[in-house]
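Per the numbering used here, residue -8 is the first one in the sequence shown, and the count goes up by one each step.
Report on the structure given below.
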Amino acid sequence: FFVTDPREGEEDFSPFEKLRASARIVYNREARRKFGALLRATEPDLIQLHILYDRLTASVLHEIVGGETPVVMTVHDYHLLCPRHILFMHGEPCERCAGGRFHHAISNRCVRDSYLVSTLRAFVSYTWKWSRIFERTVDIFVTPSRFMRDKLVEHGFDARRIVHLPYLFAVPPEEALPEPAAGTYALYFGRLVASKGIETLIEAWKGLPSTFPIPLKIAGTGPMESGIREWIAREGITQIECLGYLEGEELERIVEGCRFVVYPSEWYEVFGLVIYEAYLAGKPILVSNRGGMPEMVDSGSTGLIFRAGDRDDLRQKILMLGSLDDAAVVEMGRNARMKLIEEYHPDRLYPRLMAIYEQAGEVRKTRKR
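Okay, structure coming up:
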């Protein structure tokens, strides 16, 4: 039942093969055929959708539209509103396409800085809008953040069929977790891309007093990594260290050793799984006020919130966290972990997920009448 990637081996494609692969990104007949076979073989009680674009495509929805089986879709990004999927362009949030004005993606070359790719994505978005295939097929849309729910409603989706449910996250028993401790450095970990606010973070750190005792470690990789390393070396910024890509136990060790986590995203971050990771380790977090992140942070209790893109406000909040003694940092870390356990534990969220599935069944019955 698995679908081949239409872009696999694209570096060796002939012009005709590139055209054929592009067509499969718009509508994938193989995906529809195999998905239909899967449905017939399994006869599911409910269909849970996640990310369809590029490989599966909305073609698979034509196998279930108008059927008897309830359909739930978790919306992980802004692809229903934006051909680029992130509502971010030229260093700032962008909603020009939201509401169906997808031609802006072409004129601005929003996707891969390419007219061709942007045109393909815009065309896909227009087909979704004109056919209303998602609205006709999906009974309940699930959004990880209230922010995303509100954004979908703002741009025309039916609020009655959108439910907020944070991501489920495996939380070990509390007794198995190490006691929160005050580390010696601040930490950013994640992709090194412009939308994450890395430049703002570095500029803010550069302006800290020379006596500020807490260095910044940056863990991650991405298109900005080499430029960041060159920038730090060129300007002799000794208080910032790039660690490169880390994972597994090595990343866990770095997170556990930090004093607080900084996540300065400048796009409408859908959720921010980094916040879960920080809370699990018992660490306060400093986040921007964009997207779904602020709704996860109790300012002054589990972390602090600053104005996105404002290096001065970020610097001020860094100084505030840096001025706390070890006991205060540990207390914030305890609050952070308790928030994770009390609000985001799977035992609390799983019953809500089951209720959503029940609701989808009722919606499907109503729509079939």
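A virtual CB, placed ideally from N, CA and C, is assigned to each residue, including glycine.
It should be emphasised that the depicted structure is a prediction, and the values quoted were computed from it without experimental measurement.
{"Check": "Bounding residues of the alpha helix (DSSP H) (the contiguous stretch that carries HIS95)", "Outcome": "94 to 98"}
{"Check": "Cross-strand partners of TYR179 (DSSP beta bridge)", "Outcome": "ILE209"}
{"Check": "The region 184 to 198 touching the region 244 to 260, judged by at least three CB pairs closer than 8 Å", "Outcome": "yes"}
{"Check": "Touch test, the region 258 to 265 against the region 127 to 138, Cβ-Cβ under 8 Å, three pairs minimum", "Outcome": "yes"}
{"Check": "Proximity below 8 Å, CB of ASP68 to CB of HIS81", "Outcome": "no"}
{"Check": "Uninterrupted beta strand (DSSP E) stretches inside the region 96 to 144 (no shorter than 3 residues)", "Outcome": "131 to 134"}
{"Check": "At least 3 beta-carbon pairs within less than 8 Å: the region 326 to 338 vs the region 153 to 171", "Outcome": "yes"}
{"Check": "Rounded C-alpha distance that separates PRO84 from HIS155", "Outcome": "22 Å"}
{"Check": "Proximity of PHE251 and ALA177 at Cβ, strictly below 8 Å", "Outcome": "yes"}
{"Check": "Contact with chain D by ALA185, beta-carbon distance below 8 Å", "Outcome": "Among the protein chains of the structure shown there is no chain D, as only one such chain exists."}
{"Check": "Endpoints, the beta strand (DSSP E) within which VAL320 is located", "Outcome": "Note, VAL320: premise wrong, no beta strand (DSSP E); alpha helix (DSSP H) at 317 to 335."}
{"Check": "Residue interval of the alpha helix (DSSP H) (run including THR(-5))", "Outcome": "Counting along the chain, THR(-5) falls outside any alpha helix (DSSP H), and DSSP gives it neither H nor E."}
{"Check": "Neighbour-count burial assignment, MET323, 16 or more Cβ in a 10 Å radius", "Outcome": "buried"}
{"Check": "Secondary structure of PRO6, DSSP reduced to three states", "Outcome": "helix"}
{"Check": "Status (buried if at least 16 other CB within 10 Å, exposed otherwise) for THR293", "Outcome": "buried"}
{"Check": "Straight-line gap, GLY213 to GLY58 (C-alpha atoms, nearest Å)", "Outcome": "43 Å"}
{"Check": "Rounded straight-line distance, which links the Cα of LEU305 to that of LEU234", "Outcome": "22 Å"}
{"Check": "Residue from VAL108, ILE228, ARG244 whose Cα sits closest to the Cα of ARG(-2)", "Outcome": "VAL108"}
{"Check": "Sufficient close CB pairs (3 or more, under 8 Å) joining the region 264 to 279 to the region 240 to 247", "Outcome": "yes"}
{"Check": "Assigned secondary structure, TYR259 (DSSP; H/G/I helix, E/B strand, else coil)", "Outcome": "coil"}
{"Check": "Beta-carbon spacing of ILE309, LEU242 below 8 Å", "Outcome": "no"}
{"Check": "With 16 other Cβ atoms within 10 Å as the buried cut-off, status of LEU143", "Outcome": "buried"}
{"Check": "Straight-line gap, GLU126 to ILE231 (C-alpha atoms, nearest Å)", "Outcome": "47 Å"}
{"Check": "Local conformation of GLY27 per DSSP, three classes", "Outcome": "helix"}
{"Check": "Paired residues, beta bridge with SER217 - DSSP", "Outcome": "According to DSSP, SER217 bridges with nothing at all."}
{"Check": "Option in LEU168, PRO169, VAL129, GLU165 with minimal Cα separation from ARG151", "Outcome": "VAL129"}
{"Check": "Closest by C-alpha distance to TYR18, when choosing among HIS70, SER217, LEU111", "Outcome": "LEU111"}
{"Check": "Opening and closing residue of the beta strand (DSSP E) in which VAL288 lies", "Outcome": "Note, VAL288: premise wrong, no beta strand (DSSP E); not H, not E."}
{"Check": "Host beta strand (DSSP E) of TYR254 (start-end)", "Outcome": "251 to 254"}
{"Check": "Proximity test, PRO342 beta-carbon vs the ligand FAD heavy atom, cut-off 7 Å", "Outcome": "By its list of ligands, the structure shown contains no ligand whatsoever, and the ligand FAD lies outside what it can speak to."}
{"Check": "Rounded straight-line distance, which links the Cα of ILE131 to that of ILE153", "Outcome": "6 Å"}
{"Check": "Same chain only: Cβ atoms within 8 Å of GLU286, ignoring 5 sequence neighbours per side", "Outcome": "SER136, ARG137, PHE138"}
{"Check": "Under the three-state DSSP convention, the category GLN350 falls into", "Outcome": "helix"}
{"Check": "Per-residue burial, MET284 [other beta carbons within 10 Å of its own, 16 or more giving buried]", "Outcome": "buried"}
{"Check": "Limits of the beta strand (DSSP E) - the one that THR65 falls within", "Outcome": "62 to 65"}
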